[in-house]
Amino acid sequence: MSSVRSIAKLAGVSITTVSRALNNDPAVNPKTRERVLAIANRSGYVASVGRRVNTNIGFTYTDESTIAHPFDAAVLDGIMRGADEQRYDVLLTNLKRDKRPDESYTQFFLRKGIRGVIVRTMRESRSICEAIADEGFPMIVLSERFASPNVSYIDGDSRADSIRAVEYLIALGHRRIAFGFHSIPDRDHMDRFAAYKEALDKNSIPYDDSLVFRQRYTLAGGATILKMVMSMKSRPTAIFFADPLLAVGAVKQAHALHISIPEDISIIGFDDTDLRFGVHPTLTSVCQDAGGLGFEAAQRLTRMLTNREKEVFQISVPTFFEVHESTGAPPADLVEEVSSNEAGSVSKLKTAV
Numbered sequence: 011m012s013s014v015r016s017i018a019k020l021a022g023v024s025i026t027t028v029s030r031a032l033n034n035d036p037a038v039n040p041k042t043r044e045r046v047l048a049i050a051n052r053s054g055y056v057a058s059v060g061r062r063v064n065t066n067i068g069f070t071y072t073d074e075s076t077i078a079h080p081f082d083a084a085v086l087d088g089i090m091r092g093a094d095e096q097r098y099d100v101l102l103t104n105l106k107r108d109k110r111p112d113e114s115y116t117q118f119f120l121r122k123g124i125r126g127v128i129v130r131t132m133r134e135s136r137s138i139c140e141a142i143a144d145e146g147f148p149m150i151v152l153s154e155r156f157a158s159p160n161v162s163y164i165d166g167d168s169r170a171d172s173i174r175a176v177e178y179l180i181a182l183g184h185r186r187i188a189f190g191f192h193s194i195p196d197r198d199h200m201d202r203f204a205a206y207k208e209a210l211d212k213n214s215i216p217y218d219d220s221l222v223f224r225q226r227y228t229l230a231g232g233a234t235i236l237k238m239v240m241s242m243k244s245r246p247t248a249i250f251f252a253d254p255l256l257a258v259g260a261v262k263q264a265h266a267l268h269i270s271i272p273e274d275i276s277i278i279g280f281d282d283t284d285l286r287f288g289v290h291p292t293l294t295s296v297c298q299d300a301g302g303l304g305f306e307a308a309q310r311l312t313r314m315l316t317n318r319e320k321e322v323f324q325i326s327v328p329t330f331f332e333v334h335e336s337t338g339a340p341p342a343d344l345v346e347e348v349s350s351n352e353a354g355s356v357s358k359l360k361t362a363v
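Adding 10 to a residue's 1-based position in the sequence shown gives its number in the numbering used here.
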């Protein structure tokens, strides 16, 4: 790894000029600064961060922050607990806003006084995680999977239980089952969407795109989906929500419209914490311990830093499925309507043949 002195020698400038260039001093000639930074990046230079910041880990997003979501709030709580147990501190940092175009990710994090980082990413910005890993900076990605052997991650595997949830509704007699998920394209929600379609296919129920609803992850988004479902001419008898806030918003809207759950419509939610117990009726849910994921990530990262290990691990933690009060048999009149429509479709098919 290079030093300021060696960079100065290679660039043909003074040590003071190198220091100013690395600290983005506007007094430095732009061409000189560009030459200094190019040499620094090429030689793998990172700034010394001093003893006082040696116990900082970071938490950052590669794209839009979703810190207000129950999953992220629980994850951060878990990270704080895990880091505190190892006597580390946690710094929240804005990678998208603060990273300079001409510095490496390692240089950015060490400039911020961060020795290792836990990252939340979305599908469009996954390459950033791979770039950080390729630089060798200590990192764990939360709630996203990678084929690259260089990227460590911890995520929840909800696909099997999402299939189980949809098949539970089918076993109760539901055939028109809506699916609600949020508008951010992360792997978790796409996995649950794929599971929804797989469960329908396994049970010979045709996939219907008109029964899929996408809204922002808010209570209002869930309320909107509930109203759209209930206004359909041949409406679904159940909804599977892949997001906790959407599910809770739908339940609250049902109360406002005097719609009974599960007598009028069954609802299955997804729960990262204990939200399923905070509504009436309590929500049948696919559940994961988001705080536990954050705690495990912090524990592993801090141990990696303390022991100076460069371990790469890829862990998927299975979810679990809980049946509560929000699911039941579909309304008899709607079951008859669906059966009648299916019989009509078969009759038309025979006539056409």
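Positions of the beta carbon are idealized from the N, C-alpha and C atoms, including for glycine. On a predicted model such as this, the values are computed, not experimentally measured, just so you know.
In this structure, Leu105 sits near Thr70, with a CB-CB distance shorter than 7 Å.
Taking a cut-off of 8 Å for Cβ pairs, the segment 89 to 108 and the segment 228 to 243 do not touch, as fewer than three such pairs fall below it.
Listed in chain order, the non-local C-beta contacts of Arg130 below 6 Å within the same chain comprise Tyr71, Leu152, local neighbours out to five positions each way being set aside. In the three-state DSSP reduction, Met200 falls in the helix class (H, G or I). Judged by DSSP in its simplified three-state form, Leu152 adopts strand. According to the DSSP secondary-structure assignment, Ile138 is paired through a beta bridge with no residue.
In the DSSP assignment, Gly166 falls within the unbroken beta strand (DSSP E) covering 163 to 167. For Gly304, the three-state secondary structure derived from DSSP is helix. In the DSSP assignment, Tyr115 falls within the alpha helix (DSSP H) that extends over 115 to 121.
Nearest Cα to Pro340 within the set Ile25, Glu113, Ile180, Leu293: Ile180. The three-state reading of DSSP puts Asp73 in coil, since its state is none of H, G, I, E or B.
Take Pro80, set aside five residues on each side of it, and the residues of its chain with a beta-carbon closer than 7 Å to its own are Pro254, Leu255, Asp282, Thr283, Leu285, in chain order. Secondary structure of Phe251 (DSSP, three-state): strand. By the criterion of a C-beta distance shorter than 6 Å, Ser326 is surrounded in its chain by Asp165, Asp167, once the five residues flanking it on both sides are discounted. Counted as a single uninterrupted DSSP element, the stretch harbouring Pro80 is not any beta strand (DSSP E) but the alpha helix (DSSP H) occupying residues 80 to 95.
Per the DSSP secondary-structure output, Arg224 pairs in a beta bridge with Phe191. When DSSP states are grouped into helix, strand and coil, Thr103 belongs to the strand group. Rounded to the nearest whole angstrom, the CA to CA distance from Asn33 to Arg43 is 10 Å. Looking at the DSSP output, Ile277 shares a beta bridge with Ile249.
Put simply, of Ala84, Leu267, Ser276 the residue whose alpha carbon is nearest the alpha carbon of Pro246 is Ser276. The C-alpha of Pro291 lies about 20 Å from the C-alpha of Ser172. By the Cβ test, the segment 200 to 217 is not in contact with the segment 256 to 263, since fewer than three Cβ pairs between them sit closer than 8 Å. Counting only the Cα atoms, Ile124 lies some 22 Å from Val28. The alpha-carbon separation between Phe223 and Gly190 amounts to approximately 5 Å. Between Ala50 and Ile25, the CB-CB gap reaches or exceeds 7 Å. The beta-carbon separation of Glu145 and Thr116, rounded to 5 Å, stays under the 8 Å limit for a contact.
Arg174 and Glu154 do not touch by the CB rule: their CB atoms are close to 23 Å apart, not below 8 Å.
The Cβ-Cβ distance between Ser193 and Arg226 falls below 7 Å. Judged by their CB atoms, Glu321 and Met314 are nearer to each other than the 7 Å cut-off.
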